[in-house]
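Chemist: Heads up: take any position in the sequence shown, counting from 1, add 83, and you land on our numbering.
The structure's right below; bear with me while I get my questions together.
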Amino acid sequence: MKVYYVYPGRFSPPTKGHFELVKSAAKSLPHVYVVCSTNPLKQDIFSTEESKELWRSYDLPKNVTLTTFEEMGKLGINRKKIVMVRGLRSYEDFQEEKIVMKLNKEQYGVDKFIYFFSTCGFEGISATKVRTMMQNLELEGLKEFVSPGVISALIEKRLNLKNIFLVVGRPGSGKSTFLNMLKEGRDDIVHINTDGFNKELKPLLKAHFGEEDLIKVALEREEELKQVIGIPWINLLKQSLLNVPANSHVFVEIAYGLQPDKPMYNFVGGKVLYLGCDSVNENAKRVNGRNTEHMLPFIRRIPGWSESKKIAKAENLMIRKIVTSGDLEKTREVAKRFADELE
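Right, here's the structure in full:
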């Protein structure tokens with residue numbers, strides 16, 4: 084007799100704790116159905132379809148199927164063939180399961196259960212806690228609990244935004260030029276240029292590094308620099324996001340956003356826009372032409388398109404490439420087409 088191993092839940096949103104449980108179940112069971120459902124007594128921030136889509140931001144095993152309660156119901160499965168997959172985080176969870184088992188048997192006719200204990204380090208993760216952190220935009224904490232794609236979706240919900248994009252690319256790639264063109268004639272497009280944070284951070288940098296060459300510090304003592312400005316930088320990003328009008332498309336420009344040792348995609352990287360040309364020499368030429376030669380050493384440090392694609396794939400990020408040519412009118416046409424695509 085075929086058995087259906089079903090892991091149901093609201094998953095609003097799906098967390099790393101949920102993901103670890105699914106991975107454990109998939110290792111032990113032939114196939115697992117993750118079933119996104121709703122609770123009429125509770126107000127979910129994500130619909131079942133949205134929760135289902137957010138699950139795709141995790142690297143799910145091949146023997147896992149994402150579905151919804153409604154879709155599962157259409158299959159006409161005999162409930163005697165269903166084994167419900169459940170997770171246990173603590174002894175308190177075990178006590179609550181007695182009630183869950185009773186309700187599922189009475190309401191749905193499901194009386195078979197299989198339990199998996201939470202992986203060490205994930206016991207304290209819950210969707211409720213994530214939703215609370217979302218209200219305060221606790222970006223640093225959220226990255227420990229959910230995927231980058233889920234964080235972006237949470238920010239969009241919390242601030243009532245249409246989209247939030249992480250914009251990356253090497254120096255001389257024309258990021259600011261493109262984004263300024265994108266905004267032409269549009270009140271609903273907001274460009275957050277994080278380079279502008281440097282002005283706010285200047286007193287902090289001066290207090291710690293004095294008159295040292297900050298470019299040299301960034302190249303040779305990157306970890307120390309991150310220790311000094313990391314949290315203040317995140318706070319500036321948070322404040323910038325809070326100032327964005329509702330119903331906006333937000334583009335957060337962080338040139339090094341996909342750099343492995345500076346994974347800023349953890350905060351706003353669910354959707355990535357890569358801007359640039361395919362030539363390092365062309366980047367260098369543009370940098371020299373702008374009299375910003377001090378940026379030359381960073382060209383090879385910041386991931387190019389090939390590496391950016393690999394990072395995005397490994398982290399389950401959506402990524403899109405836009406080539407910026409030296410022809411401003413062509414770039415404006417590309418920006419106009421992209422703006423027209425925005426929902």
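Think of the CB as a built atom: it goes at the ideal place given N, C-alpha and C, for glycine as much as any other residue.
Here the structure is a predicted model, which is why all the values come from computation and not from measurement.
1) Does Asn246 come out as helix, strand or coil in the three-state DSSP assignment?
2) Go through its chain and collect everything with a Cβ distance to Asn187's Cβ below 7 angstroms, but skip five positions before and after it.
3) Where does Arg403 sit, in a helix, a strand or coil, going by DSSP?
4) Using 8 angstroms as the threshold, is the C-beta distance between Lys354 and Phe248 below it?
5) Can you give me the Cβ contacts of Lys245 inside the same chain, cut-off strictly under 8 angstroms, excluding the 5 residues immediately before and after it?
6) Whole angstroms is fine: what's the gap from Asn161's alpha carbon to Glu221's?
7) If you drop the 5 nearest sequence neighbours on each side, which residues of the same chain put their C-beta closer than 7 angstroms to that of Ile385?
8) Go to Glu336, then tell me how far its beta strand (DSSP E) extends in each direction, as first and last residue.
9) Are Asp127 and Arg169 touching if we call contact CB-CB under 8 angstroms?
10) Is the Cβ-Cβ distance between Leu302 and Pro380 less than 8 angstroms?
11) Using a Cβ-Cβ cutoff of less than 8 angstroms, which residues in the same chain neighbour Pro286 once the five nearest sequence positions on both sides are dropped?
12) Closest by CA to Gly352, which one among Met401, Met378 and Glu306?
13) Could you name each continuous beta strand (DSSP E) segment of 3 residues or more that falls completely within the stretch 91 to 140, going from the start of the chain to the end?
14) So Ser259 and Glu336 are in contact, right, with Cβ under 8 angstroms, and what is the actual spacing, rounded?
15) Tell me whether Ile165 is buried or exposed, calling it buried when 16 or more other Cβ atoms sit within 10 Å of its Cβ.
16) Go to Asn276, then tell me how far its beta strand (DSSP E) extends in each direction, as first and last residue.
17) Helix, strand or coil, according to DSSP, for Gly409 in the structure here?
Modeler: Looking at the coordinates:
1) strand
2) Met167 and Val193
3) In this structure, Arg403 counts as strand in the three-state DSSP scheme.
4) yes
5) Taken in chain order, the residues that qualify are Glu239, Asp271, Asn330, Ser331, His332, Leu425 and Glu426.
6) Those two C-alpha atoms are separated by around 44 angstroms.
7) Arg253, Ala338, Tyr339 and Gln342
8) His332 to Glu336
9) no
10) yes
11) If we look at Pro286 and ignore the five residues flanking it on each side, it has no Cβ neighbours.
12) Met401
13) 115 to 119
14) 7 angstroms
15) buried
16) Boundaries of the beta strand (DSSP E) harbouring Asn276: Ile272 to Asn276, taken from the DSSP string.
17) Gly409 falls in the coil class under three-state DSSP.
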